[in-house]
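Number of protein chains: 2
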Amino acid sequence: MPNESSAPRRRGAVRTEALLQVTLDLATEVGYAGLSIEAIARRAGVGKHTVYRRWPTKAALLLDALQRVWTRDLDYRPTGDLHTDLREQFLRSVSALTSPPLDPVYRAVIAEAQSDPAARAALHERFLRTVEQSTLEQVTRAQRAGQLRADVDLTFAAEVLCGTLYYRHLLTPHPVDEAAIDGLLDMFMAAYGTS
Amino acid sequence: MPNESSAPRRRGAVRTEALLQVTLDLATEVGYAGLSIEAIARRAGVGKHTVYRRWPTKAALLLDALQRVWTRDLDYRPTGDLHTDLREQFLRSVSALTSPPLDPVYRAVIAEAQSDPAARAALHERFLRTVEQSTLEQVTRAQRAGQLRADVDLTFAAEVLCGTLYYRHLLTPHPVDEAAIDGLLDMFMAAYGTS
DNA sequence: TCATGATCAGCACGCATCGTGCCGTTCCGG
DNA sequence: CCGGAACGGCACGATGCGTGCTGATCATGA
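As given, the protein sequences belong to chains A and U, one line each in that order.
Using this note's numbering, you'd call the opening residue of the first sequence number 1 and step up by one each time.
Using this note's numbering, you'd call the opening residue of the second sequence number 1001 and step up by one each time.
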């Protein structure tokens, strides 16, 4: 006789969703330091097997948790003007990356990736490449519209843009503010712009 | 009566040096994963107190160990030509960062810095800033020589150069090869060069 | 010369996390 | 309704953390 005051035991995909959400909650409340599999299972009221059955590694779990909140803030209607669109995209990305739950989860993934080349590759494939790709689409459109020189390796250009911002955010105490973004875009346009 | 076949108990600065060297050795042999204070003390034949008395944090120890091998490969006689000098400096830095013991220790510091803002600030102040500074000196010299535009924020420019390389090295699976460095320098010169 | 205090190695502790194993229960599909 | 998968709970050994304590060793200065 299941007590109606106790939640029924959830399984499968529903459990998975719940676990990812708990991970994000924990990241928000106790930060990167509190993101142990043990703590996540405890908080979720779940046996550790239930976690390990789904993710072989803490990195894998964190990557999935990250994906849960990653794409939400990236939908943006481009206006067609390169400088405006890149600026808006970068501002949104930085804003998302600066506050929980994205910030602690992201930093945890970065840390995890340093000790595991596979996790590093997954991080780049699933997230960093996404941002580079989004940037690449914008600069490609601008190039076709004649706003950028035709002889430019846009893939590399996108990497420079994103890399500079990530570097500052992850490895320096300086904030990625509008001044930084504007400076970066100015340099970019000076190098590759047609005007 | 001290047995001459057993090494005399070392103290003070000598001990400190030995511990840093053990840290680098461990990093070379077992990599980032093996860099626990416990393992370092064990390998050095030393009580853990002897480590904790010197460094309050694993991050502090790693930062000091890093400094031991950091500056060695950076002495380089600039020729006066910006492109050549930057290229040479970046090639050397990347080469040093790619192999042990620098690579595992560096990655350990990066990981540590993600969970501790103080460690992050120390990392930037003691190492990243050093590289930025070295780059800054070169571009400043070039600006005075008229090779770069006069209206450029060189500090920011140096950050872009270094940040791009660090991003690729630390967070992507792509190697920082000559093509990447050349592409970066081409973009830099296109943006800020006077010719 | 010798005493004092700092430094040291070794051991132990309590705590936490990891990854795994086992048990008995709950739930779902056939 | 039954069999098997998923589950919660518990326990285990291993490892690292940071901190005590003890007794030996060393440097210094009186």
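Using N, Cα and C, we set each Cβ at its ideal position, and we do this for glycine too.
Nothing here was measured: the structure is a model prediction, and the numbers come from that model.
Inset, instruction - Could you round the C-beta distance between A:A59 and A:D151 to whole angstroms and report it? I think they count as a contact, below 8 Å. - result: No, A:A59 and A:D151 are not in contact; Cβ-Cβ is about 39 Å, not under 8 Å.
Inset, instruction - Quick one: list the residues of chain A neighbouring U:P1173, beta-carbon separation under 7 Å, in chain order. - result: Taking the beta carbon of U:P1173 as reference, the chain A residues within 7 Å of it are R120, A121 and H124, listed in sequence order.
Legend entry - Chain-order list of residues whose beta-carbon lies under 7 Å from that of U:V1022 (same chain, five-residue window excluded): So the list reads I1040, R1043 and A1044, once near-sequence residues are dropped.
Legend entry - Short Cβ contact (8 Å threshold) for A:A119 with A:E125: Result no, Cβ atoms of A:A119 and A:E125 do not sit closer than 8 Å.
Legend entry - Where A:L154 falls: helix, strand or coil (DSSP): DSSP, reduced to helix, strand and coil, places A:L154 within a helical segment of the structure shown.
Legend entry - Distance CB(A:E132)-CB(A:A108) smaller than 8 Å: Cβ atoms of A:E132 and A:A108: not closer than 8 Å.
Inset, instruction - Compare the beta carbon distance of A:L161 and A:T135 with 8 Å and say whether it is the shorter of the two. - result: The Cβ-Cβ distance between A:L161 and A:T135 falls below 8 Å.
Inset, instruction - Would you mind sorting A:E93 into buried or exposed? The rule is 16 or more other CB atoms within 10 Å of its CB. - result: The sequence given here has Ser at residue 93 of chain A, not Glu. Per the 10 Å Cβ criterion, buried.
Legend entry - Positions along the stretch 1090 to 1105 of chain U whose CB lies within less than 8 Å of some CB in chain A: Listed by position, the residues of the stretch 1090 to 1105 of chain U near chain A (Cβ gap below 8 Å) amount to none.
Inset, instruction - Starting from the N-terminal side, write out each stretch of the alpha helix (DSSP H) that is 4 residues or longer and does not extend beyond the stretch 93 to 126 of chain A. - result: Counting only runs of 4 or more, we get 102 to 115 and 117 to 123.
Inset, instruction - Confirm, please, whether the CB-CB distance from A:T16 to A:P100 is below 8 Å. - result: The answer is no: Cβ separation not under 8 Å.
Inset, instruction - Can you say whether A:D177 is buried or exposed, counting buried as having 16 or more other CB atoms within 10 angstroms of its CB? - result: So A:D177 counts as exposed.
Legend entry - Contacting residues, own chain, Cβ-Cβ under 8 Å from A:G146 (five flanking each side not counted): Residues T194 of the same chain have their beta carbon placed closer than 8 Å to that of A:G146, with the five preceding and five following residues left out of the count.
Inset, instruction - With DSSP collapsed to three states, give me the class of U:G1193. - result: Three-state result, U:G1193: strand.
Legend entry - Start and end residues, alpha helix (DSSP H) containing U:S1134: U:S1134 -> alpha helix (DSSP H) spans R1129 to R1144.
Inset, instruction - Thinking U:W1070 and U:F1127 are a contact (beta carbons under 8 Å), I'd like their distance in whole angstroms, please. - result: Rounded to whole angstroms, the Cβ separation of U:W1070 and U:F1127 is 6 Å, and the two are in contact under 8 Å.
Inset, instruction - Classify A:L184 as helix, strand or coil using the three-state DSSP reduction. - result: DSSP places A:L184 in the helix class (H, G or I) of the three-state scheme.
Legend entry - 7 Å CB neighbourhood of A:N3 in its chain, flanking five on each side removed: Caution is warranted here: a pLDDT of 30 is assigned to A:N3, below 50, making its placement in the model unreliable, and no coordinate value can be reported.
Legend entry - Proximal residues to A:L19 (C-beta, below 6 Å), its chain only, five neighbours per side dropped: The answer, listed in chain order, is A44.
Inset, instruction - Within its chain, find whatever has a CB closer than 7 Å to the CB of A:H174; leave out the 5 residues flanking it on each side and keep chain order. - result: Counting only Cβ-Cβ distances below 7 Å, and skipping sequence neighbours, we find R168.
Inset, instruction - Return the residue from the list A:D64, A:E137 and A:L91 that minimises the CA-CA distance to A:A179. - result: A:A179 has its Cα closest to that of A:L91, out of A:D64, A:E137 and A:L91.
Inset, instruction - Could you tell me whether the Cβ of A:Y76 comes closer than 8 Å to any Cβ of chain U? - result: No Cβ of chain U is located within less than 8 Å of the beta carbon of A:Y76.
Inset, instruction - Please check if any C-beta of chain A sits within less than 8 Å of the C-beta of U:Q1147. - result: For U:Q1147, the answer is no, since every Cβ of chain A falls outside 8 Å of its Cβ.
Inset, instruction - Return the residue from the list A:L165, A:Q138, A:Y166 and A:K48 that minimises the CA-CA distance to A:L154. - result: Residue A:Q138 is the option with its Cα nearest to A:L154.
Legend entry - Cβ-based burial, A:Q67 [other Cβ within 10 Å; buried from 16]: By the 10 Å Cβ count, A:Q67 comes out exposed.
Inset, instruction - Tell me, to the nearest whole angstrom, how far the beta carbon of U:G1031 is from that of U:P1104; I am working on the premise that it is less than 8 Å. - result: Their Cβ separation, rounded to whole angstroms, is 5 Å, which keeps U:G1031 and U:P1104 in contact under 8 Å.
Inset, instruction - Identify the contact partners of A:I110 in chain U, using a Cβ-Cβ distance below 9 Å as the criterion. - result: Neighbours of A:I110 in chain U, taken as residues whose beta carbon is under 9 Å from its own, are I1110, A1111, Q1114, L1170 and L1171 in chain order.
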